[in-house]
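Per this note's numbering, the very first residue in the sequence shown carries number 291; after that it's consecutive. Here a beta-carbon is modelled for each residue, glycine too, at the ideal position from N, C-alpha and C.
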Amino acid sequence: MSELQDKATHLLGLHRDPTLLTVVNVWDVISARVVADGIGTTALATASHSIAASYGYEDGEKIPVDLMIEACGRIAAATDLPVSADLEAGYGHPVETVRKALGVGIVGANIEDQMRPLLEAATIVEDVVAAADDEGIDFVLNARTDAFVLAGDRDRGAVLGDAVERGKAFLDAGAPAVFVPGRLSEEEVVTLVDAFGPQRLTLIGVPGNPPLDRLEELGVARVSYGPMPQRVALTALQELVEEVHRGGGVPDSMRPLN
């Protein structure tokens with residue numbers, strides 16, 4: 291347990307460091323090892339969408355929770371780096387799901403609010419933090435608000451207001467960080483950092499967001515990439531198929547990584 295706590299403390303420190311934490315998400319043991327061996331990698335994060343897809347399930351808690359936890363545990367066992375898991379909305383039982391994740395070596399997690407009533411969502415955050423505390427682990431809960439993801443055609447200012455309100459409630463409930471996925475302008479990022487404080491906001495790296503060096507200057511704690519690393523890998527695979535069918539072959543840039 292002391293080793294798990296050491297990893298949790300290290301992961302929290304990476305979020306608190308003014309140097310932006312970047313995590314390229316993984317979905318199985320070989321992707322975890324490749325990313326972990328990459329220069330500059332200091333922590334790993336799983337992608338629930340990618341893990342579900344690798345088992346043939348659609349995203350959105352369609353994969354059985356125990357299969358998701360098993361996959362996360364295999365990733366955690368494959369590296370000495372701290373691992374944070376994308377646990378969607380907790381699969382109906384967020385506290386129990388986090389306890390299971392701790393049991394397989396996970397020291398942080400994303401939990402989605404899915405825009406539940408704010409009191410309910412904040413209570414889940416509080417209960418998850420308390421459960422990890424009971425285990426003696428400074429679990430790095432990256433409390434996610436889906437304000438922008440589920441915004442639809444609502445007024446952008448109102449959506450930003452929701453993200454601020456919900457994020458502040460999650461921080462007050464004990465979460466060390468708030469995840470606000472979506473394509474955000476620099477002005478929206480500034481508003482969120484001002485509301486939460488520096489090194490509390492985490493984002494997803496999507497085309498159109500401010501560049502990483504600017505996000506670091508603004509005080510963002512972390513940028514992750516969700517399902518996109520797997521999509522990049524699958525794009526390379528599909529391009530190989532297309533090249534082979536054109537009469538070509540394996541590109542000279544291929545690396546023997548497994």
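- Between A333 and L371, the gap from beta carbon to beta carbon is short of 8 Å.
- With contacts defined by Cβ atoms closer than 8 Å, A337 and D376 form a contacting pair.
- Residue environment for D462: exposed (fewer than 16 other C-beta atoms within 10 angstroms of its C-beta).
- If you draw a 10 Å sphere on the C-beta of D307, you find fewer than 16 other C-beta atoms in it, and that means exposed.
- Excluding the 5 residues flanking it on each side, L301 has same chain C-beta neighbours closer than 6 Å at A333, P372, V397, G398 and V430, in chain order.
- Remark: C-beta atoms of A367 and G395 approach each other more closely than 8 Å.
- Under the three-state reduction of DSSP output, I494 falls in the strand class.
- The continuous beta strand (DSSP E) containing A375 extends over residues V373 to D376.
- Bridge pairing for T332: absent [DSSP].
- For L547, the closest of V324, I341, H383 and Y515 by C-alpha to C-alpha distance is V324.
- The residue among A485, L311 and I401 with its C-alpha nearest the C-alpha of E506 is L311.
- Contact between S514 and V313 holds: CB atoms are separated by about 5 Å, below the 8 Å threshold.
- In this structure, the alpha-carbon of L530 lies about 47 Å from that of E425.
- Around the C-beta of P466, 16 or more other C-beta atoms lie within 10 Å, and the residue is accordingly described as buried.
- Leaving aside the five residues that flank V449 on each side, the residues in its chain whose CB is nearer than 7 Å to its CB run, in chain order, A437, F438 and A441.
- Spanning the alpha carbons of G382 and R536 requires a straight line of approximately 48 Å.
- In this structure, V483 is the residue among E360, I329, S321 and V483 with its C-alpha nearest to the C-alpha of K458.
- Taken in chain order, the complete alpha helix (DSSP H) segments of 4 or more residues contained in the stretch 473-522 are 476-486 and 502-508.
- Assignment of beta-bridge partners to N400 by DSSP yields D376 and N432.
- Listed as beta-bridge partners of F460 by DSSP are no residues whatsoever.
- Pairing P354 with I414, the inter-Cα distance amounts to about 21 Å.
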